[in-house]
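Colleague:
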Amino acid sequence: MSINLKNKNFLKIIDFSKEELTYLLDLAEDLKDKKKKGISVDTLKGKNVALIFEKTSTRTRCAFEVAAYDLGMGCTYLEPSGSQIGKKESIADTARVLGRMYDGIEYRGFEQEIVESLAKYAGVPVWNGLTNESHPTQILADFLTIREKFGKLEGLNFVYMGDARYNMGNSLMIGCAIMGINFTACAPKKYFPNKDLVEKAMELAKESGAKIVLTEDVKKGTEKADIIYTDVWVSMGEPDEVWEERIKDLLKYQVNSDVMKNAKESAIFMHCLPAFHDLNTTVGKEIEKKFGLKEMEVTNEVFESNQSVVFDEAENRMHTIKAVMKATLE
Ligand code: CP
Ligand code: NVA
């Protein structure tokens, strides 16, 4: 089947089929290979993209910028306080302005409906660089990394630990369900993905053969795992006041050496990053002062271990985002 994603938006994983996601992963693999060999891919010369960031970023911003330059495009970065968006100008108006100047728009911000509305009015492809509900470009990078490590996706056991009801847990559950990866959310009940989304994941899983499991039991949840994944306990945009409750609720679900030992011997550790695994960050130091914790969602031992593939994931953000821009613009 021939896949054509030209002019399509990239807003959430559920909008894509297994074949389309596989096509993007294959394209990313090819672009990565070309980058390593120094083969130019600047076929989008003359095009320009706008990168809107209402929340901060290291990986996503740099991945979009480097990928745009490698494809021959110009790009403009609009920082959290550097535009009129939302304050003096509506999303619909912003979309219609930027759509007249740019060939594609990346958006990172708050509610999913904002990026959906941007896409509705822009008239050019819009790519979601993270919303509260969804982080689709991260999922592509994670799946490329898993494919590189295991040579396949189907049939692997993927375990997500911690706050599974936010952007990462949601998108990974749906992505796994589409691709035929068995997905377990290992978390306290109140941090399970929402019921509607779980139902959608179950539907998709019927087709792909994946199993979707929600469990509070760390031992049962992590045994036979091929991949152990976690994310920060408090996401961007959430108030500092929630830290106390999150630590109380989620400490039991910290990825530590006991968790890794309980998984398969060949298991890998993944994290979208940034991660709180030591005291070398301002937030890390503040949390230690307030709650006496030296590491949070993952211990430094696991983060720095041979099982950790977090920097491969980070690199793959660039190759996969390049694939998304190329596929939707060319
Ligand atoms: N993983 C990720 O999206 O990282 P940034 O917040 O640095 O972009
Ligand atoms: N859940 C995190 C992901 C960061 C890439 C956040 O939204 O801050």
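Note that the sequence shown ends on residue 342 in the working numbering; no numbers are left out.
Don't be surprised by glycine CBs; every beta carbon is placed ideally from N, CA and C.
1. Using CA atoms only, rank isn't needed, just tell me which of T72, M191, R177, A79 is closest to F170.
2. Since L182 and E145 are thought to touch, with beta carbons under 8 Å apart, how far apart are those beta carbons, to the nearest angstrom?
3. Please report how far the alpha carbon of D42 lies from the alpha carbon of M173, in whole angstroms.
4. Within a Cβ cutoff of 6 Å, which residues of the same chain sit near E66, ignoring the five residues on either side of it in sequence?
5. So L90 packs on V53, CB below 8 Å; how close in whole Å?
6. DSSP three-state call for N343: helix, strand or coil?
7. Following a CB-centred definition, is L152 positioned closer than 6 Å to any heavy atom of ligand 1?
8. With C-beta atoms as the reference, is L130 less than 7 Å away from I151?
9. Could you give the distance in angstroms between the alpha-carbon of T234 and the alpha-carbon of W255?
10. Ordered along the chain, which non-local residues of its own chain (more than five positions away) have a Cβ less than 8 Å from that of E342?
11. Pick from E118, F28, T34: whose alpha carbon is nearest that of C74?
12. Counting only runs of 4+ residues fully inside the stretch 77-161, write out the alpha helix (DSSP H) ranges in chain order.
13. In chain order, what residues of the same chain have a beta carbon less than 8 Å from the beta carbon of E128, not counting five sequence neighbours either side?
14. Near ligand 1, which residues have their beta-carbon less than 7 Å from any of its heavy atoms, given in chain order?
15. For the candidate residues K218, M185, A199, T227, whose alpha-carbon lies nearest to that of L209?
16. If you compare alpha carbons, which of E166, T196, L168 is closest to R177?
17. Quick one: what does DSSP say Y265 is sitting in, helix, strand or coil?
Modeller: Quick look at the numbers:
1. Within the sequence shown, the letter at position 158 stands for residue 170. Per the Cα distances, M191.
2. The residue labelled residue 182 in the question sits at position 170 within the sequence shown. The residue labelled residue 145 in the question sits at position 133 within the sequence shown. According to the sequence shown, residue 182 is Asn rather than Leu. The pair is a contact, with the Cβ atoms about 6 Å apart (cut-off 8 Å).
3. As a first step, residue 42 is located in the sequence shown; it is residue number 30 there, counting from the start. As a first step, residue 173 is located in the sequence shown; it is residue number 161 there, counting from the start. Rounded to the nearest angstrom, the two C-alpha atoms are 31 Å apart.
4. What you label residue 66 is simply residue 54 of the sequence shown in a count that begins at 1. Closer than 6 Å at Cβ, skipping near neighbours: P92, G121.
5. Walking along the sequence shown from the start, residue 90 turns up at place 78. Walking along the sequence shown from the start, residue 53 turns up at place 41. No, L90 and V53 are not in contact; Cβ-Cβ is about 25 Å, not under 8 Å.
6. There is no way to answer for residue 343, as the model of the chain reaches only from 13 to 342.
7. As a working note, residue 152 is residue 140 in the sequence shown. Set against 6 Å, the gap from the CB of L152 to the closest heavy atom of ligand 1 is not smaller.
8. In the sequence shown, residue 130 corresponds to position 118, counting from 1. In the sequence shown, residue 151 corresponds to position 139, counting from 1. No; because the gap between Cβ atoms is not below 7 Å, this pair is not in contact.
9. Walking along the sequence shown from the start, residue 234 turns up at place 222. Walking along the sequence shown from the start, residue 255 turns up at place 243. Take the alpha-carbon of T234 and the one of W255: they are about 25 Å apart.
10. By 1-based counting over the sequence shown, the position of residue 342 is 330. Shown here for E342: same chain residues with a beta carbon closer than 8 Å to its own, the five before and five after excluded, namely K18, T55, L56 in chain order.
11. Counting from 1 along the sequence shown, the entry for residue 74 is found at position 62. The option with the nearest alpha carbon to C74 is E118.
12. Counting whole runs of 4 or more residues, the stretch 77-161 contains the alpha helix (DSSP H) stretches 103-113, 124-134.
13. The residue labelled residue 128 in the question sits at position 116 within the sequence shown. Leaving aside the five residues that flank E128 on each side, the residues in its chain whose CB is nearer than 8 Å to its CB run, in chain order, L23.
14. Here the residues come out as T68, S69, T70, R71, T72, R73, L142, H147, Q150, C284, L285, P286, R329.
15. Residue 209 sits at position 197 when you count from the first residue of the sequence shown. Among K218, M185, A199, T227, the Cα nearest to that of L209 belongs to M185.
16. Taking the first residue of the sequence shown as position 1, residue 177 is located at position 165. The residue with the shortest Cα to Cα distance from R177 is T196.
17. One-based indexing of the sequence shown puts residue 265 at position 253. In the three-state scheme derived from DSSP, where H, G and I count as helix and E and B as strand, Y265 is classed as helix.
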